[in-house]
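Colleague: Take 0 as the starting number for the sequence shown in numbering that gives the first Met the number 0 and just add one per residue. Backbone N, C-alpha and C define an ideal beta-carbon position, used for all residues, glycine too. Every value quoted in this text rests on a predicted model; they were computed, and no experiment measured them.
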Amino acid sequence: MELSGYIPPIQGLKDTYKFQRHAHSYLLKSEYQELVGGGVHFDWLSTSEILWNQHHHRDLTQTVLVMRFLQLLAVLGVLGNACAQNGCGYGDLQERLGLGSTNVTLTSARPVRNWWTPTYVYVDLYLLAITDVNEKAQSFSSQIAVGLGWTNEFVSWDPKKFCGLSFMTVPRDKLWIPDTIIRESIKTEASMSTEPYIRLYASGIVSTEELYTTTSSCKMDLEKFPFDTQECTLTITTLMHDMYEVHIMPYSNASVLTINSRRNFQTQGEWELISIKNVNETESSHLTYTITIKRRPSLYVLIFFLPIFCFLVLDVASFFMTESTGEKLSFKVTLLLAISVLLLILHDILPSTADSVPLIGIYCSVIFVLTGLSILETILIGFLISRDKQADEDNWTSSKPREDMTNGTEFNQEGDTDRDGDALKSGASGGEQSSSISLLQQILNELQNADQRSSHADAEWKKGRPRRWRRVARIIDITFFIVYVISIVVFLLLISMSWFNVVLD
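As C-alpha cells, this is what we get:
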C-alpha cells in the first residue's frame, strides 16, 4: 500500500519525526532530500533511514543560518561606510558648528556666553634670531615666534559623534582673534604672508602662531662696553580690551622659553642669548618678556684694546730714543693721530646721550691724554736742549774777536820789535832811548798776561752754562718718565678691575 504525505519546508525535526512514526511508512531518500527547498510528497521509509535524514537536515539548517548572518554583517558594514561618508567630514563638522558661512557672533565678539566672563589668552614668545642691535639708536631688532591660545565657548564638539575627529584647521576670518601688539615695537613686519588658518580643537581651544621681524626700543647700559649685558623687553598687550575682558597669561615658564629659543636660535653673531623671562602683572592686561643678551667682546678686544695698548707701549719706549728732538716728536705725534682715529670709530658706535661714559671711552681718552702729555714733555726737553746750543753759539761768537785782537797785538809787537831793532842798528844814539823801549816792552807784557787771564775765566764761566741746562733737562725727563709709568700702571689696574668684575658677574 502506497501512502504519501506533505512536510512543510520550515518545520522542526521533532514534528517530522512524529509524523513519520505514526505513518509507519517508508520515505524514498531521493524525495526526502528535497525537504529543504519546499514541501514534497514522499513514500514511507524505514525508521533507521528517517533518523539518518534528521541528522543531515540539522547540519544544512545551521549552514544556512551562518550564511545569512554573514550577509547581514556585510550589509551593515556598507551602511556604516555610507554614514561615515555623509557625516564625518570636515565640511559636515564646520556646518554643524556654524563655520560654513560668515557668522557675526563668532567673528566680531568675544567667544563667551556671558559678557562678564573674561577671556584668558595664553601666550608663548620664542626668540629665533637677533638681526641687529643699534647702540646709537637704542634699538633691538629680532625675529620672534608668538604663539596664542584661547577658548571659544561656541565651537566645541564631541569627537565620538564625528568619527573621532579631535581637531581641524579653519580660516582666520571665521573666528574671533585677540588684537595683540608689541608695545615697544618701532617697526613690526610679518616674516611671511599672514597664516590663513588657525587650529581648532574639540574642547573649543583655538591656537595660532605667527612669525614677526620686529624692531623695538631698548634702553641700553653701555658703561661696561664691550663686556656688557643688555636686557630688552617685549610687552604683549591688547589695544581694545581691558583687564576685565582679556587676561593675557604665560603658557610656558622661563626655562622652557630659554631652552626652546636656544635650540631654534638661527644666528651666531655678535650677541649671545642668556635667558628669556616672562612677568605677568595681574592689574593690567599685558605680559612682559625680558630678553637678556650678552655681547661677544672678542672683536672689540682685537680692534680697540690691543692696538691702543700697543700705542701706549710704543710711547713709553720712545723715552729711550736719542735726543734727536725732531724724530722723537714726529713719532709721538703719529701715535697720537692713530689713537684719535680709533676714538672717532668709537664715537660712531657709542651713543652721545648715555647717562654714564663707557669704560672703553675712558680707556681711550686717558691714553690719548697721556700721549699728549708725553709730547709736551718732549717739546720742553727740546727747548732746554736748544738753550744749550744757543749758549755754545754765543761762546764761539764772543771768543772770536779776542783771538783776532790777540793776533793783531802780536803782529804790532813784532812790527815794533823790528822797528826797534832797526833803530838800534842804525845807531845807539843814547841811553834815554834804550831805557824808554825797555819800559814800554815791560808794560806790554803785563797787559797781555792780564788779557789772557780774563779770557780764560770768561771761557770757563760760559762753558759751565750748557752743562747746567742739560742737567735740568735730564732731571725733568727722568722724573716725568717715572711718574708716567706709575700713572699708566695704576690706570690699567683700575680699569681692568672694573671690566673683570663685569665678566665674573
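Can you give me the Cβ contacts of T207 inside the same chain, cut-off strictly under 6 angstroms, excluding the 5 residues immediately before and after it?
Modeller: Start at 1 with the first residue of the sequence shown, and residue 207 comes out as number 208. Correct list, in chain order: L147 and I197.
Colleague: By alpha-carbon positions, which one of T287, I378 and K293 ends up nearest to I235?
Modeller: Mapped onto the sequence shown, residue 235 falls at position 236. Of T287, I378 and K293, the residue nearest in Cα terms is T287.
Colleague: Taking the beta strand (DSSP E) that L164 belongs to, which residues open and close that run?
Modeller: Taking the first residue of the sequence shown as 1, we reach residue 164 at position 165. No beta strand (DSSP E) holds L164; DSSP gives it neither H nor E.
Colleague: What residues match up with T321 in a beta bridge as DSSP calls it?
Modeller: As a first step, residue 321 is located in the sequence shown; it is residue number 322 there, counting from the start. The partner list for T321 (beta bridge, DSSP) is empty, contrary to what the question assumes.
Colleague: By the DSSP assignment, the alpha helix (DSSP H) with C309 in it spans what residues?
Modeller: Numbered from its first residue, the sequence shown carries residue 309 at position 310. It spans L305 to A316 - the alpha helix (DSSP H) in which C309 sits, taken as one unbroken run.
Colleague: Please classify S277 as buried or exposed, where buried requires at least 16 other C-beta atoms within 10 Å of its C-beta.
Modeller: As a working note, residue 277 is residue 278 in the sequence shown. It is Asn, not Ser, that sits at residue 277 in the sequence shown. Classification of N277: buried, given that the 10 Å Cβ count is 16 or more.
Colleague: First and last residue of the alpha helix (DSSP H) that includes A253?
Modeller: What you label residue 253 is simply residue 254 of the sequence shown in a count that begins at 1. Segment A253 to R262, the alpha helix (DSSP H) holding A253.
Colleague: How would you label L92, buried or exposed, when you count the other beta carbons within 10 angstroms and need 16 or more for buried?
Modeller: Walking along the sequence shown from the start, residue 92 turns up at place 93. Its Cβ being crowded by 16 or more others within 10 Å, L92 is buried.
Colleague: Assuming I129 and T266 form a contact by the criterion Cβ under 8 angstroms, report the distance between their Cβ atoms to the nearest whole angstrom.
Modeller: If you number the sequence shown from 1, residue 129 lands on position 130. If you number the sequence shown from 1, residue 266 lands on position 267. At roughly 6 angstroms, the Cβ-Cβ gap stays under 8 angstroms, so I129 and T266 are in contact.
Colleague: May I have the straight-line CA-CA distance separating V488 from I494, to the nearest angstrom?
Modeller: Counting from one through the sequence shown, the residue named residue 488 turns up at place 489. Counting from one through the sequence shown, the residue named residue 494 turns up at place 495. Their Cα atoms are separated by approximately 10 angstroms.
Colleague: Buried or exposed for E445, please, with buried defined as at least 16 other CB atoms from any protein chain shown within 10 angstroms of its CB.
Modeller: In the sequence shown, counting from the first residue as 1, residue 445 sits at position 446. Exposed.
Colleague: Report all residues from its chain with a CB closer than 6 angstroms to the CB of L96; omit the five preceding and five following residues, and keep chain order.
Modeller: Here residue 96 refers to the residue found at position 97 when the sequence shown is read from its first residue. Correct list, in chain order: V154.
Colleague: Compute the beta-carbon to beta-carbon distance between L233 and I290, rounded to the nearest angstrom, for a pair I have assumed lies under 8 angstroms.
Modeller: On the sequence shown, residue 233 is found 234 positions in, with the first residue counted as 1. On the sequence shown, residue 290 is found 291 positions in, with the first residue counted as 1. Going by Cβ atoms, the distance from L233 to I290 rounds to 7 angstroms, so yes, they are a contact pair.
Colleague: Three-state secondary structure (DSSP) at T289?
Modeller: For the purposes of this step, residue 289 is identified with residue 290 of the sequence shown, where counting begins at 1. DSSP places T289 in strand when its eight states are reduced to three.
Colleague: Below 7 angstroms CB to CB, which residues in the same chain sit around L272 once its five sequence neighbours on both sides are set aside?
Modeller: In the sequence shown, residue 272 corresponds to position 273, counting from 1. Cβ within range, chain order: L126, S260, R261, F264 and I292.
Colleague: Counting only the same chain and skipping the five closest in sequence on each side, list residues whose C-beta sits under 8 angstroms from that of E194.
Modeller: To locate residue 194, count along the sequence shown from 1; it is residue 195. So the list reads R171, T207, E208 and E209, once near-sequence residues are dropped.
Colleague: Kindly identify the DSSP beta-bridge partner or partners of Y119.
Modeller: By 1-based counting over the sequence shown, the position of residue 119 is 120. Note: Y119 sits in a beta bridge opposite H246.
Colleague: Rounded C-beta distance between T506 and S284? I'm assuming under 8 angstroms.
Modeller: Because the chain in this structure spans residues 0 to 504, residue 506 falls outside the shown range and cannot be described.
Colleague: Within its chain, find whatever has a CB closer than 7 angstroms to the CB of M404; leave out the 5 residues flanking it on each side and keep chain order.
Modeller: Here residue 404 refers to the residue found at position 405 when the sequence shown is read from its first residue. In this prediction, M404 has a pLDDT of 47, which is less than 50 and means its spatial position is unreliable; what the coordinates show is noted afterwards. So the list is empty, once near-sequence residues are dropped.
Colleague: Which residues bound the alpha helix (DSSP H) around L105?
Modeller: Here the question's residue 105 lines up with position 106 in the sequence shown. V103 to S107 is the extent of the alpha helix (DSSP H) around L105.
Colleague: Whose C-beta lies closer than 8 angstroms to the C-beta of I541 among residues of the same chain, with five residues either side of it excluded?
Modeller: Absent from the structure is residue 541, since the part of the chain shown begins at 0 and ends at 504.
Colleague: Output yes or no for whether 8 angstroms exceeds the beta carbon distance between I474 and L379.
Modeller: The residue you call residue 474 lines up with position 475 of the sequence shown. The residue you call residue 379 lines up with position 380 of the sequence shown. Contact flag unset, no.
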